[in-house]
Amino acid sequence: MHPAAKLPLLFLLLVGATATTSTANHAPAPAAGSCVPREREALLASKRGITGDPAGRLASWKRGNHDCCRWRGVRCSDNLIGHVFGLHPQNNFSWYNEATALVGHISTSLLALEQLEHLDLSNNNLVGPAGRFPGISYWPRVMNMNAYLRALYLSHCSLTSASQSILQLNFTRLKELDLSHNNFNQPLASCWFWNLTSLKYLDLSGNNIVGSLPAAVSKFTSLDTLDLSENQLFGSVPYEISMLTSLTDINLRVNNLTGEITEKHLAGLKSLKNIDLSSNHYLKIVVGPEWQPPFKLEVAIFESCQLGPKFPSWLQWMVDIKILDIWNTGITDQLPH
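Counting with mature numbering (1 follows the signal peptide of the UniProt record, and there is no 0), you get residues -19 to -1, 1 to 318 for the letters of the sequence shown.
This is the structure we're talking about:
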């Protein structure tokens, strides 16, 4: 397990990307297993927006290589006509690395990839010549035109906003959204993705997101992974988080959360396996001594939260625990056997 130009430009690019198919009624069908010609042209059009490729990751993207399904970072379906369903020209590093990052901008010709399901552009310098992502106010709206998209990874892409209002989202199939390590610097409640109730994976870590965690988090009833770590969230955790019954992993570490997490917060999290609340110095976990949790944790990281002074009796039910971090939690009690 492990972003679009203004709308007139969008029209021109799409026309350009499909120009070679004007005689499609008389063109031969693609060979078995080869890519669709109009999709190959769309990929070539998108490459023209890339002004730097120091690692040569798009070297195979050229007109002489007719089968774009064999190009690096391109994944096609296995049926006779190979529609592009995956595009992964992401930087191989797990962070932005200038020596290997693609430089330029994202062409909206990618919209010609009508069956694109997975798009990963992470860790690249795709902010455009003006020093910001081209058409930043349009990129969610443009990607919204792709009804097949299931996974969108835009980590470390220098996005500066997620506040656009989209009244009718078409991301009905989107399951995975990674916008981590950008610089939104805005309240979480103002972001555009709150109606994406089909999400299973949401990573917003390292974005300087400010404000409180909204009760609207309860909309994500299909969510199994939620990462809001390394932001500037403050205030209490809403009780509604208990409605995330499919949640297996939650990471809220390195924020400024306060108040208490009680049995009411935890009672509905029956699928929970991994939790990290560390470095929320004024967050206190308070449950009764007889409470039996509905989940079986494997990883529990509470470093610098408030758990003590007694060792939490509910943790003794965690027989599958592999990692337990209770450093600096105020526990003065003896550890149970």
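Just so you know, even glycine gets a beta-carbon here, dropped at the ideal spot from N, CA and C.
These numbers were taken from a predicted model, which means no experiment stands behind them.
*Check whether Q96 and Y129 have beta carbons under 7 Å apart*: For the purposes of this step, residue 96 is taken as residue 115 along the sequence shown, with counting starting at 1. For the purposes of this step, residue 129 is taken as residue 148 along the sequence shown, with counting starting at 1. Cβ distance < 7 Å, so Q96 and Y129 count as in contact.
*Which of the three DSSP states, helix, strand or coil, is assigned to R113?*
For the purposes of this step, residue 113 is taken as the residue at position 132 of the sequence shown. In this prediction, R113 scores a pLDDT of 46, lower than 50, which makes its location untrustworthy; no coordinate-derived value is stated.
*Would you decide whether K156 is buried or exposed? Buried here means 16 or more other CB atoms lie within 10 Å of its CB.*
Position 175 of the sequence shown, counted from the start, is the residue given in the question as residue 156. Counting Cβ neighbours within 10 Å, K156 comes out buried, since at least 16 surround it.
*Where L185 and N212 are concerned, what is the direct C-alpha to C-alpha distance, given to the nearest angstrom?*
As a working note, residue 185 is residue 204 in the sequence shown. As a working note, residue 212 is residue 231 in the sequence shown. The alpha-carbon atoms of L185 and N212 are separated by roughly 9 Å.
*With distances taken between CB atoms, is the gap from V235 to S210 smaller than 7 Å?*
Walking along the sequence shown from the start, residue 235 turns up at place 254. Walking along the sequence shown from the start, residue 210 turns up at place 229. Yes, they are a contact pair.
*Pairwise C-alpha distance: H137 and L160*: Reading the sequence shown from its first residue, position 179 is the one you call residue 160. Reading the sequence shown from its first residue, position 156 is the one you call residue 137. Their Cα atoms are separated by approximately 8 Å.
_Nearest candidate by alpha-carbon position, reference K181, set I222, D230, G216_ = Working through the sequence shown from its first residue, we reach residue 181 at position 200. Nearest of I222, D230, G216 to K181, Cα basis: D230.
*Taking the beta strand (DSSP E) that A281 falls in, what are its first and last residues?*
By one-based count along the sequence shown, residue 281 stands at place 300. Taken as a continuous stretch (DSSP letters only), the beta strand (DSSP E) holding A281 covers 280 to 282.
*asked:* Across the region 281 to 290 and the region 298 to 311, are there enough close Cβ pairs to call them in contact, namely three or more that are closer than 8 Å?
replied: yes
*Which runs of the alpha helix (DSSP H), 4 residues or longer, sit entirely within the region 149 to 181?*
none
*asked:* Buried or exposed for T32, going by 16 or more other Cβ atoms inside 10 Å?
replied: Taking the sequence shown and counting its residues from 1, the one referred to as residue 32 is at position 51. It is exposed - the Cβ of T32 has fewer than 16 other Cβ atoms within 10 Å.
*Buried/exposed call for I304, threshold 16 Cβ in 10 Å*: As a first step, residue 304 must be located in the sequence shown, where it is residue number 323. The residue is exposed, with fewer than 16 neighbouring Cβ atoms inside 10 Å.
*Which stretch, first to last residue, makes up the alpha helix (DSSP H) that contains L247?*
Position 266 of the sequence shown, counted from the first residue, corresponds to residue 247. Its alpha helix (DSSP H) spans residues 244 to 247.
*asked:* For Q273, count the other beta carbons within 10 Å of its own beta carbon; 16 or more makes it buried, fewer makes it exposed. Which is it?
replied: Walking along the sequence shown from the start, residue 273 turns up at place 292. Classification of Q273: exposed, given that the 10 Å Cβ count is below 16.
_Assuming contact is defined by CB atoms lying nearer than 7 Å, are S27 and L91 in contact in what I supplied?_
For the purposes of this step, residue 27 is taken as residue 46 along the sequence shown, with counting starting at 1. For the purposes of this step, residue 91 is taken as residue 110 along the sequence shown, with counting starting at 1. Yes. Within cutoff.
*asked:* Below 8 Å on the Cβ atoms is my contact criterion, and I expect K293 with I266 to pass it. Report the Cβ-Cβ distance as a whole number of Å.
replied: On the sequence shown, position 312 is the one that residue 293 refers to. On the sequence shown, position 285 is the one that residue 266 refers to. Reading off the sequence shown, one finds Pro at residue 293, where the question assumed Lys. Between I266 and P293 the Cβ distance is about 7 Å, and since that is below 8 Å, they are a contact.
*To the nearest angstrom, report how far apart N104 and P35 are at their CA atoms.*
Counted from its first residue, the sequence shown places residue 104 at position 123. Counted from its first residue, the sequence shown places residue 35 at position 54. So the two alpha carbons sit approximately 14 Å from each other.
_Any beta carbon from chain D within less than 7 Å of H262's own beta carbon?_
Among the chains in the structure shown there is no chain D, since it carries only a single protein chain.
_Which residue wins for smallest C-alpha separation from A261, given the options G249, L238, D314, V280?_
Counting from one through the sequence shown, the residue named residue 261 turns up at place 280. Reading off the sequence shown, one finds Asn at residue 261, where the question assumed Ala. Among G249, L238, D314, V280, the Cα nearest to that of N261 is on L238.
*Secondary structure at N255, three-state DSSP: helix, strand or coil?*
As a first step, residue 255 must be located in the sequence shown, where it is residue number 274. Residue state, collapsed to three classes: strand.
*Whole angstroms is fine: what's the gap from residue 321's alpha carbon to N163's?*
The requested residue 321 is not part of the displayed model; the chain covers only -19 to 318.
*With 16 other Cβ atoms within 10 Å as the buried cut-off, status of P70*: Within the sequence shown, residue 70 is the residue found at index 89, counting from 1. Buried is the call here.
*Below 7 Å between beta carbons: does that hold for L253 and F276?*
Start at 1 with the first residue of the sequence shown, and residue 253 comes out as number 272. Start at 1 with the first residue of the sequence shown, and residue 276 comes out as number 295. Yes, they are a contact pair.
*Who pairs with D230 in a beta bridge, going by DSSP?*
As a position in the sequence shown, residue 230 is number 249, starting the count at 1. In the DSSP output, where bridge partners are listed per residue, D230 has T206, N255.
_Here's a check: name, in chain order, each residue in its chain whose Cβ is nearer than 8 Å to the Cβ of V17, leaving out the five neighbours to either side._
Numbered from 1 along the sequence shown, position 36 holds the residue referred to as residue 17. Contacts found: P11, I62, G63, H64, V65.
*asked:* For F215, tell me which candidate among T89, L169, E279, W295 has the shortest Cα-Cα distance.
replied: Residue numbering aside, residue 215 sits at position 234 when the sequence shown is read from its first letter. F215 has its Cα closest to that of L169, out of T89, L169, E279, W295.
*With a CB to CB cut of under 8 Å and the five nearest residues on each side skipped, what residues in its chain are close to A248?*
To locate residue 248, count along the sequence shown from 1; it is residue 267. Within the same chain, A248 has close Cβ partners S223, P275.
*Taking all protein chains shown into account, decide if V55 is buried (16 or more other Cβ within 10 angstroms of its Cβ) or exposed.*
Locating residue 55 in the sequence shown gives position 74, where the first residue counts as 1. Burial call: buried.
*asked:* Looking at the ligand COA, does it come within less than 6 Å of L155, judged from the CB to the closest heavy atom?
replied: Ligands displayed in this structure: none; no statement on the ligand COA is therefore possible.
_Coil, strand or helix - E20 by DSSP_ = Residue mapping note: residue 20 aligns to position 39 of the sequence shown, counting from 1. Correct three-state label for E20: helix.
*From S15 to C49, what does the alpha carbon distance come to, in whole angstroms?*
Within the sequence shown, the letter at position 34 stands for residue 15. Within the sequence shown, the letter at position 68 stands for residue 49. Their Cα atoms are separated by approximately 7 Å.
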